[in-house]
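Per my numbering, the sequence shown starts with residue 3, numbered consecutively.
Glycine residues also receive a C-beta, built at the ideal position from the N, C-alpha and C atoms.
As the structure is a computational prediction, the values presented were derived from the model and not from experiment.
Reading through the structure tokens given below for one structure.
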Amino acid sequence: MMKRALIVFTLIAAVILVTFSSGCNDEPKADGKKEAVLSFHSFDGGGPEYSVKIKNPEVLSYTFEREYSKPNHEELDGAGYDAVFKFKGLKEGETEVTVYSNSPIAGDEEYKYTAKVDKDFNVNIKEKN
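Structure representation (structure tokens):
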């Protein structure tokens with residue numbers, strides 16, 4: 003009974019974290035270009051799953067990785083992680099980026115962004131209002 007209550011509490015806390023902890027920043031890559039990074043918090047075993055749609059994939063590409071804060075995450079039930087999307091400019095232009103959050107607990111959500119790639123292939127992503 004106590005373990006079930008702890009799991010429910012953890013799921014609720016994770017949903018709250020997802021709501022308030024998504025972020026965007028620009029990071030310089032090894033070649034000196036800036037890539038944009040969006041990250042969202044989730045957890046194994048029931049946390050939201052994220053996916054990305056780029057309206058014009060000729061302008062922008064992305065990679066995805068999970069970044070766990072604990073080295074022993076494989077041994078933990080419901081280990082937390084950040085879903086990290088790194089966006090790379092392919093050609094100068096502007097496009098829309100939508101991040102979809104699919105959660106069995108909190109429901110589905112969409113986060114919409116505008117991505118701009120300059121002539122030097124630097125990427126800047128801003129959340130749409």
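C-alpha distance - residue 23 paired with residue 40, whole-angstrom precision: Note that residue 23 scores 40 on pLDDT, short of 50, meaning its location in the model is unreliable and no value can be drawn from it.
As assigned by DSSP and simplified to three states, the class of residue 67: strand
Sub-9 angstroms separation of residue 62 and residue 99 beta-carbons: yes
Cα-Cα separation between residue 120 and residue 80, rounded to whole angstroms: 40 angstroms
Contact the segment 105-114 vs the segment 67-78: 3+ CB pairs below 8 angstroms: no
is_contact[residue 96, chain B] using C-beta, thresh 9 angstroms: The chain inventory of the structure shown lacks chain B, comprising one protein chain alone.
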